[in-house]
């Protein structure tokens, strides 16, 4: 688990563009094989929906009372700057954090003791995004230097840097097979081959300022969130744009033209049936990929832009972070379950442990909080 820099060798790569024809931007209609689901999807932006109880997905799971009263287990003084990124390892025993504002350190925390077990400076001033490959062989990090640093996580050393973006990279995603890294920046989206450590192609270099990324669990569809409130879906096998929707339309009570509509966060549920988007307009939108529409009206209540979202491994609970703390939502009904106020300022990052027992939150106040969100079953929580 130790991280050490063996060498710092920077490589520049030049990508070939793969720009493909677009579908009409207002709607999206996909054949079943494109989303790995049994129905066509047609996404339509709607601010309000009249949905009867019979139209809501039937619940097979009802959140227990523990969701309404999560237990704060630890508060960790983690960084000397805001904690912008978090990720649990697959065994739920370790937490990786990244700082910003001149604390661009990767830190590893052993959850049994909540103690730091390793630390390394990964970028010059900030770590703005991080992704751990599903096979846990590669950890990718980006900062404010337009480069992607790759770390051989299990072997514990730095390997190389991808350089091709001309502006800050804001988001990262790795495909479920751990073969492809995707980077989203103000100058577009790029794909990289992680096995051969080389570039693959560019998705729509121009007029494509990308703030967020999410990969469908099937591995063939990429969702990207953009500056002017649109969400685009891409076929990763062909590089073609499948369609786009005007997902975020602005915060309430803001004058037209003065709202920042950027789609700041995206996430799929583990089964791929739901895509969640959050924006600078302070709303969260839950898209049903089976019916192709919003599952219910936008979730409101946060007092600032949506900084982070995380979906519980069971696919039923959504955590969202903003200026006013962390909110837990019943993802299938839109019910607000709890409001967590473990930080004294903006909450910048979120992560659920793979076993579903813990929620980690990282704040502008330089701390990490660890919450028990579901009671331990066969095994005890590492912090109990």
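In this note's numbering, the protein residues as written are 1205 to 1588.
Beta carbons: idealized from backbone N, C-alpha and C, even for Gly.
Check residue i in the structure and name its three-state DSSP category.
{"i": "residue 1396", "result": "strand"}
{"i": "residue 1271", "result": "helix"}
{"i": "residue 1417", "result": "strand"}
{"i": "residue 1555", "result": "strand"}
{"i": "residue 1264", "result": "Low local confidence applies: a pLDDT of 38 at residue 1264 is under 50, so the model's placement there is unreliable, with the coordinate-based value given in what follows. Coil, per DSSP."}
{"i": "residue 1460", "result": "Note that residue 1460 has pLDDT 47, beneath the 50 cutoff, so the model's placement of it is unreliable and no number is given."}
{"i": "residue 1339", "result": "coil"}
{"i": "residue 1307", "result": "coil"}
{"i": "residue 1491", "result": "strand"}
{"i": "residue 1550", "result": "coil"}
{"i": "residue 1291", "result": "strand"}
{"i": "residue 1435", "result": "strand"}
{"i": "residue 1246", "result": "With a pLDDT of 36 at residue 1246, under the threshold of 50, the modelled position of that residue is not reliable, and no figure is offered here."}
{"i": "residue 1282", "result": "coil"}
{"i": "residue 1472", "result": "strand"}
{"i": "residue 1484", "result": "coil"}
{"i": "residue 1319", "result": "strand"}
{"i": "residue 1446", "result": "strand"}
{"i": "residue 1351", "result": "strand"}
Could you pull out every residue in the same chain whose Cβ sits closer than 8 angstroms to the Cβ of residue i, ignoring the five residues on either side in sequence?
{"i": "residue 1526", "result": "1486, 1506, 1507, 1508, 1509, 1510, 1511, 1550 and 1551"}
{"i": "residue 1475", "result": "1421 and 1519"}
{"i": "residue 1201", "result": "A query on residue 1201 cannot be resolved here, the shown segment of the chain reaching from 1205 to 1588 and no further."}
{"i": "residue 1350", "result": "1367, 1369, 1370, 1371, 1372, 1373 and 1389"}
{"i": "residue 1423", "result": "1379, 1380, 1381 and 1440"}
{"i": "residue 1340", "result": "1293, 1294, 1357 and 1358"}
{"i": "residue 1328", "result": "1308, 1347, 1348 and 1349"}
Give me the Cα-Cα distance between residue i and residue j, rounded to the nearest whole angstrom.
{"i": "residue 1499", "j": "residue 1321", "result": "42 angstroms"}
{"i": "residue 1568", "j": "residue 1306", "result": "13 angstroms"}
{"i": "residue 1473", "j": "residue 1359", "result": "30 angstroms"}
{"i": "residue 1501", "j": "residue 1466", "result": "19 angstroms"}
{"i": "residue 1572", "j": "residue 1450", "result": "34 angstroms"}
{"i": "residue 1342", "j": "residue 1442", "result": "24 angstroms"}
{"i": "residue 1355", "j": "residue 1530", "result": "30 angstroms"}
{"i": "residue 1332", "j": "residue 1345", "result": "8 angstroms"}
{"i": "residue 1387", "j": "residue 1396", "result": "8 angstroms"}
{"i": "residue 1347", "j": "residue 1555", "result": "19 angstroms"}
{"i": "residue 1433", "j": "residue 1491", "result": "15 angstroms"}
{"i": "residue 1447", "j": "residue 1436", "result": "6 angstroms"}
{"i": "residue 1285", "j": "residue 1278", "result": "19 angstroms"}
{"i": "residue 1522", "j": "residue 1534", "result": "7 angstroms"}
{"i": "residue 1398", "j": "residue 1383", "result": "5 angstroms"}
{"i": "residue 1304", "j": "residue 1281", "result": "14 angstroms"}
{"i": "residue 1524", "j": "residue 1302", "result": "19 angstroms"}
For residue i, which residues in the same chain have their Cβ closer than 6 angstroms to its Cβ, ignoring the five residues on either side in sequence?
{"i": "residue 1426", "result": "1419, 1438 and 1440"}
{"i": "residue 1557", "result": "1292 and 1296"}
{"i": "residue 1250", "result": "Any answer about residue 1250 is weak, because its pLDDT of 37 lies below 50 and its placement is not dependable; what the coordinates show is given next. Contacts found: 1498."}
{"i": "residue 1151", "result": "The chain is shown only over 1205 to 1588; residue 1151 falls outside these bounds and no answer can be derived."}
Using 8 angstroms for Cβ pairs, my map puts residue i next to residue j. What's the rounded Cβ distance?
{"i": "residue 1429", "j": "residue 1470", "result": "5 angstroms"}
{"i": "residue 1312", "j": "residue 1570", "result": "Not confirmed; about 17 angstroms, so no contact."}
{"i": "residue 1310", "j": "residue 1324", "result": "5 angstroms"}
For residue i, which residues in the same chain have their Cβ closer than 7 angstroms to its Cβ, ignoring the five residues on either side in sequence?
{"i": "residue 1299", "result": "1290, 1292, 1313, 1315 and 1564"}
{"i": "residue 1276", "result": "1546, 1573 and 1575"}
Okay, do the segment 1402–1416 and the segment 1374–1384 touch, 3+ Cβ pairs below 8 angstroms being the bar?
-> yes
On the three-pair Cβ rule with 8 angstroms, is the segment 1512–1523 touching the segment 1555–1567?
-> yes
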